[in-house]
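Engineer: Please see the structure below; I have some questions.
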Amino acid sequence: GAGVSQSPSNKVTEKGKDVELRCDPISGHTALYWYRQSLGQGLEFLIYFQGNSAPDKSGLPSDRFSAERTGGSVSTLTIQRTQQEDSAVYLCASSLVASYGEKLFFGSGTQLSVL
Amino acid sequence: ELKVEQNPLFLSMQEGKNYTIYCNYSTTSDRLYWYRQDPGKSLESLFVLLSNGAVKQEGRLMASLDTKARLSTLHITAAVHDLSATYFCAVDTDSGAGSYQLTFGKGTKLSVIP
């Protein structure tokens with residue numbers, strides 16, 4: 007596609023429910039990243055995928071967070087048993103490869119609100 | 005832990021004026037990125053600076069990198085309203101293990117007033 011596509015754009019959920027956020031990267035981009043943007047913490051790295059390599063999960067804040075990338079393209083970020091502190095904008099980005107100096111192309115994000 | 009600090013965090017300036025946003029970071033790196041974010045929109049890459057002394061310019065924006073001082077600047081010349089946005093700098097977290105994470109500053113919210 008023309009850009010990184012994320013869905014849904016907005017998600018309101020109740021505390022304790024599970025949510026799935028979807029990211030469709032730019033066609034041909036082998037690297038995919040998830041970041042979280044919140045008022046208190048700014049932009050935080052969560053996880054990235056590069057091709058078929060094992061993902062770097064070092065930014066995931068707890069074991070309630072997980073992500074997968076199927077077929078080297080679409081990615082899903084899953085948050086189990088959501089908490090109010092999970093409320094944030096979840097941004098997905100992709101780049102041609104994962105390498106120093108690569109520009110990241112960001113999607114418009116999913117605004118998650120946990121009530 | 006890598007820290008990236010921007011200042012100012014808020015900047016209100018008149019059209020036609022010049023100003024500089026500063027980005028300091030706490031560890032050795034020669035890779036510095038600037039992004040722009042419009043309200044309600046996502047981040048757009050502005051500049052990628054990859055060496056000491058690197059300078060890049062696009063329109064009224066010019067970015068530079070001094071790796072010895074661990075400092076990058078984003079200079080705005082003759083500001084116009086269209087430049088109103090939040091500007092983020094980011095640095096690679098160089099763990100030496102090929103980890104391609106960016107650590108972002110908190111952003112500078114720029115408002116250009118007519």
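Those sequence lines, one after another, are chains A and B. When we follow the working numbering, the leftmost residue of the first sequence carries the number 7, and every step to the right adds one. When we follow the working numbering, the leftmost residue of the second sequence carries the number 5, and every step to the right adds one. Each residue gets a CB set at the ideal place from its N, CA and C atoms; glycine is no exception.
Residue 14 (chain B) CB to nearest chain A CB: under 8 Å?
Structural biologist: As a first step, residue 14 (chain B) must be located in the second sequence, where it is residue number 10. For residue 14 (chain B), the answer is no, since every Cβ of chain A falls outside 8 Å of its Cβ.
Engineer: Between the C-alpha atoms of residue 75 (chain A) and residue 56 (chain A), what's the straight-line distance to the nearest angstrom?
Structural biologist: Along the first sequence, read from residue 1 onward, the residue named residue 75 (chain A) stands at position 69. Along the first sequence, read from residue 1 onward, the residue named residue 56 (chain A) stands at position 50. Computed Cα separation, rounded: 10 Å.
Engineer: Given 8 Å as the limit, is there contact between the segment 89-107 of chain A and the segment 78-87 of chain B, that is, 3 or more CB pairs closer than that?
Structural biologist: no
Engineer: What does residue 106 (chain B) touch in chain A if you count any residue whose Cβ is under 7 Å from its own?
Structural biologist: As a working note, residue 106 (chain B) is residue 102 in the second sequence. Those are 51, listed as they occur along chain A.
Engineer: Beta-carbon of residue 52 (chain B) versus every beta-carbon of chain A: anything under 8 Å?
Structural biologist: To locate residue 52 (chain B), count along the second sequence from 1; it is residue 48. Residue 52 (chain B) counts as touching chain A.
Engineer: In the DSSP assignment, find the unbroken beta strand (DSSP E) run with residue 38 (chain A) in it and report its ends.
Structural biologist: Here residue 38 (chain A) refers to the residue found at position 32 when the first sequence is read from its first residue. It spans 37-44 - the beta strand (DSSP E) in which residue 38 (chain A) sits, taken as one unbroken run.
Engineer: Under the assumption that residue 88 (chain A) contacts residue 25 (chain A) (Cβ atoms under 8 Å), give the Cβ distance between them as a whole number of angstroms.
Structural biologist: By 1-based counting over the first sequence, the position of residue 88 (chain A) is 82. By 1-based counting over the first sequence, the position of residue 25 (chain A) is 19. Correct: roughly 6 Å between the Cβ atoms.
Engineer: Between residue 85 (chain B) and residue 52 (chain B), is the Cβ-Cβ spacing less than 8 Å?
Structural biologist: On the second sequence, position 81 is the one that residue 85 (chain B) refers to. On the second sequence, position 48 is the one that residue 52 (chain B) refers to. Not in contact: residue 85 (chain B) and residue 52 (chain B) (Cβ atoms no closer than 8 Å).
Engineer: Exposed or buried, which one is residue 121 (chain A) when buried takes at least 16 other CB atoms within 10 Å?
Structural biologist: Taking the first residue of the first sequence as position 1, residue 121 (chain A) is located at position 115. Flag for residue 121 (chain A) reads exposed.
Engineer: So is residue 55 (chain A) in contact with chain B if we call contact Cβ pairs under 8 Å?
Structural biologist: In the first sequence, the residue the question calls residue 55 (chain A) occupies position 49. For residue 55 (chain A), the answer is no, since every Cβ of chain B falls outside 8 Å of its Cβ.
Engineer: DSSP has residue 178 (chain B) in a bridge; who is on the other side?
Structural biologist: A question about residue 178 (chain B) goes unanswered here, because the residues of chain B that appear run from 5 up to 118.
Engineer: Out of B:26, B:65, B:88, B:64, which has the shortest C-alpha to C-alpha gap to residue 75 (chain B)?
Structural biologist: Working through the second sequence from its first residue, we reach residue 75 (chain B) at position 71. Per the Cα distances, B:26.
Engineer: Tell me whether residue 87 (chain B) sits in a helix, a strand or coil according to DSSP, three-state version.
Structural biologist: For the purposes of this step, residue 87 (chain B) is identified with residue 83 of the second sequence, where counting begins at 1. Note: residue 87 (chain B) maps to helix in three-state DSSP.
Engineer: Tell me whether the segment 98-118 of chain A and the segment 23-40 of chain A touch, counting them as touching only if at least three CB pairs, one residue from each stretch, are closer than 8 Å.
Structural biologist: Taking 8 Å as the limit for Cβ pairs, the verdict is that the segment 23-40 of chain A does touch the segment 98-118 of chain A.
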